[in-house]
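Note that the sequence shown covers residues 2 to 287 in this note's numbering.
Note that CB positions come from ideal geometry on N, CA and C, so glycine has one too.
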Amino acid sequence: MQRQDFRCFHRLRVRWAEVDPQKIVFNAHYLTYADCAVTEYWRALALPYEASMHVLGGEVYLKKAGVEYHASARLEDILDVGIRCTRIGSSSMVFDVGIFAGDRLLVSIELIYVFADPATQTKRPVPPALRAIIEHYEAGGTMVELRTGDWDTLGRDATALRLAVFVQEQGIDPAIEIDDQDALAVHAVAYNRLGLPVATGRLLPSVDGQGRIGRMAVDRVVRGQRWGRAVLDALMQAARERGDRHATLHAQRSAEDFYRRAGFAVQGEPFEEAGIAHITMARALD
């Protein structure tokens with residue numbers, strides 16, 4: 002088992018509470034680390050677990066776990082927990098987990114999960130859609146599809162995401178979240194391979210060669226996988242194609258670094274919008 006065997010990793014730092022009197026990580030915590038990696042795996046598949054399992058008609062239950070210890074992790078070590086699916090049976094899925102400190106393998110774990118009816122916990126066949134998603138991911142495939150279009154085409158899915166992020170999560174008044182600009186805008190929505198929307202944004206009509214990007218929202222369960230960047234790139238491409246020379250946006254201060262990594266620079270001073278601190282940012286569309 003080597004690092005290059007894995008596509009999905011979860012990075013963590015060993016905490017004081019995880020170290021035993023021998024000054025090494027207590028053995029049971031490695032299974033917790035593996036479980037964190039399982040959560041990261043669903044995120045890498047762009048599958049919000051609860052919503053996805055509802056669509057798939059079942060739940061995934063751990064049947065068996067096997068752990069082999071090769072070396073110990075210590076306080077403050079940075080660990081990379083790799084996970085991959087190695088086999089899918091009729092109702093079971095086998096995952097290998099490798100816990101690494103640098104390139105050194107510390108612990109190898111095998112997890113066997115069963116797809117089952119959540120009411121009775123009796124096994125069911127792994128749905129073909131889930132099988133296809135996992136196989137596609139392990140083969141190096143992309144996990145989202147970007148669609149751009151008008152409000153009539155994408156509005157329902159964009160609205161669901163925006164209400165979840167801006168209204169339910171951030172407490173913004175729903176009366177100002179959906180506005181009359183939506184009907185004029187170009188919208189982008191990223192869909193996972195179950196057809197569920199996971200990220201969205203919009204591009205307002207051009208003004209003096211500038212396109213205004215906004216309403217960027219990503220399902221909180223799958224953040225950190227670049228789905229938001231995929232939406233942003235799609236909107237900038239749409240702006241280029243209609244002849245815009247610059248893109249501007251009002252970034253929440255908490256997302257400022259995200260936009261900096263996409264080439265946007267701060268303009269002016271911070272301000273408050275919908276009760277949240279924002280900053281204007283812009284970039285040229287090369």
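Item	Value
Which of helix, strand or coil DSSP assigns to Met217	strand
Spatially closest choice to Ala161 from Ile89, Gly276, Gly142 and Val199, by CA coordinates	Val199
Cβ pair count under 8 Å reaching 3, the region 235-244 against the region 201-220	yes
Boundaries of the alpha helix (DSSP H) in which Gln23 is found, first to last residue	No alpha helix (DSSP H) holds Gln23; DSSP gives it neither H nor E.
Given 8 Å, three or more beta-carbon pairs between the region 106-125 and the region 157-176	no
Gly156, buried or exposed, once every other Cβ within 10 Å from all chains shown has been counted against 16	buried
Spatial neighbours of Ala72 in its chain, beta-carbon cut-off 7 Å, leaving aside the 5 residues before and after	Arg105 and Leu107
Helix, strand or coil at Arg16 according to DSSP, with G and I counted as helix	coil
Beta-carbon proximity check, His247 vs Leu286, cutoff 9 Å	yes
Counted within 10 angstroms of its Cβ, other Cβ atoms place Ala29 as buried (16 or more) or exposed	exposed
Contact check, Phe272 vs Arg230, beta carbons under 9 Å	no
Assigned exposure category for Phe27 - 16 Cβ within 10 Å defines buried	exposed
Which listed residue (Val232, Val222 and Pro129) has its alpha carbon closest to that of Ala263	Val232
Boundaries (first-last residue) of the beta strand (DSSP E) holding Gly150	Glu146 to Gly150
Per-residue DSSP class, three states only, for Asp97	strand
Supposed close pair His137, Arg194 - CB separation, criterion 8 Å	7 Å
Neighbourhood of Ile277 by C-beta distance below 6 Å, restricted to the same chain and skipping five residues each side	Gln253
Ile110 classed as buried or exposed, judged by whether at least 16 other C-beta atoms fall within 10 angstroms	buried
Limits of the unbroken alpha helix (DSSP H) element including Pro129	Pro129 to Glu139
Extent of the continuous beta strand (DSSP E) to which Pro271 belongs	Ala266 to Glu274
Distance between His251 and Thr281 (C-alpha atoms, nearest Å)	5 Å
Option in Leu185, Leu131, Pro129 and Pro22 with minimal Cα separation from Glu153	Note on identity: in this sequence residue 153 is Asp, with Glu being the wrong assignment. Ranking Leu185, Leu131, Pro129 and Pro22 by Cα distance to Asp153 puts Leu185 first.
For Ala38 and His11, the rounded distance between their alpha carbons	5 Å
Cβ shell of Ala66 (< 8 Å), same chain only, five flanking positions each side left out	Leu32, Ala35, Ile110, Glu111, Leu112 and Ile113
Contact check, Lys189 vs Val145, beta carbons under 9 Å	First, the residue type needs correcting, since residue 189 is Ala and not Lys in the sequence shown. No.
Residues that DSSP places opposite Glu178 in a beta bridge	The partner list for Glu178 (beta bridge, DSSP) is empty, contrary to what the question assumes.
Candidates Val223, Ala275 and Glu270: closest to Ser53 by CA position	Val223
Other residues of its chain near Ala283: CB distance less than 7 Å, five sequence neighbours each side excluded	His247, Ala248, Thr249, Phe265, Ala266 and Gln268
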